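Below is one structure; the comments refer to it alone.
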Ligand code: C5P
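Numbering (this note's numbering), first residue to last: 4 to 281.
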């Protein structure tokens, strides 16, 4: 009989807004970010094995092959477990939608064994700032350097398109280029989560502070935002995380689907996917 195979989804993470505060003594910046997850992402499968191994497939597998020590293996080693792990890489690499973080989080969930939730979140925080949020994979407010999490009581489904221009962005360099920042102070009590339209109105009062330094490094981000803003039915266009992936929020799923097709067909090399965020 073949060994039992378990699977875990690794949904893309989107920062609906991302406000940056002061640089802390540990070198990380204090953040405030409203984080939601897409209904698309990478996929992982686990089989019992005596040693730890990783195989890659999917449209963006190539982007990881050059990295001998990626977050998936580091997450498994942090748990002190062995397994045969198969990762289907559907999301662009180094792109601000937490692909690597979501993969590591899926490993933590899938191979947790006896580790309890608090221990998993602690291991997650040691591996990377976005990984605790990805372990929970629910709409939440993120604070601290990413480890202070408040799950939202509810969140409307947001019809959206994710667009990546095919250029990887190193997160550290983007933070290093920060010239201005909003600083902190938005409480979730201030959000109107009653509908997608109400939340979008609120989001217009917020921003992604990393957008300006990321655009300075990767001018294609400006082009993506400009193209998204021209799509019929667009309600808000913004960059996620440290880029280069941007998201558009749309009035309905149909408009999002049409925009994804239009953007990919008019820009060879761009990746565009319609999704629901929430
Ligand atoms: O934790 P993670 O590996 O995602 O962070 C990558 C880099 O991004 C850090 O080395 C740091 O330069 C920057 N960063 C930051 N403040 C945060 C998160 C990340 O300055 N809250």
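Where a beta carbon is used, it is the ideal one built from N, C-alpha and C, also for glycine.
Only a predicted model underlies this, so the values are computations on that prediction, with no experimental measurement involved.
For the ligand C5P, residues qualifying as neighbours are 31, 32, 34, 131, 132, 133, 148, 149, 174, 175, 178, where qualification means a beta carbon closer than 6 angstroms to at least one of its heavy atoms (chain order). Residue 68 and residue 201 have their C-alpha atoms some 42 angstroms from each other. Remark: fewer than three beta-carbon pairs, one from each stretch, lie closer than 8 angstroms, so the stretch 60–80 and the stretch 28–36 are not flagged as touching. A direct Cα-Cα distance of roughly 42 angstroms separates residue 179 from residue 8. The stretch 100–117 makes no contact with the stretch 25–32: fewer than 3 CB pairs, one atom from each, lie closer than 8 angstroms. The C-alpha of residue 216 lies about 9 angstroms from the C-alpha of residue 245.
Counting along the chain, residue 145 sits inside the beta strand (DSSP E) bounded by residues 143–147. In this structure, the straight-line span from the alpha carbon of residue 238 to that of residue 222 is close to 23 angstroms. Taking the CA atoms as reference points, residue 163 sits about 16 angstroms from residue 229. Annotated three-state conformation of residue 203 is helix, per DSSP. If you draw a straight line from the Cα of residue 195 to the Cα of residue 43, it comes to about 25 angstroms. In the displayed model, residue 7 falls within coil according to three-state DSSP, outside both helix and strand. For residue 44, there is no enclosing alpha helix (DSSP H); the residue is part of the beta strand (DSSP E) that begins and ends at 32–50. Relative to the Cα of residue 171, the nearest Cα in the group 15, 182, 224 belongs to 224.
Within the same chain, 79, 85 come within 6 angstroms of residue 55 by CB-CB distance, once the 5 residues on both sides are set aside. Linking residue 183 to residue 158 through their CA atoms gives a straight-line distance of about 29 angstroms. At least 9 angstroms separates the beta-carbon of residue 39 from that of residue 135.
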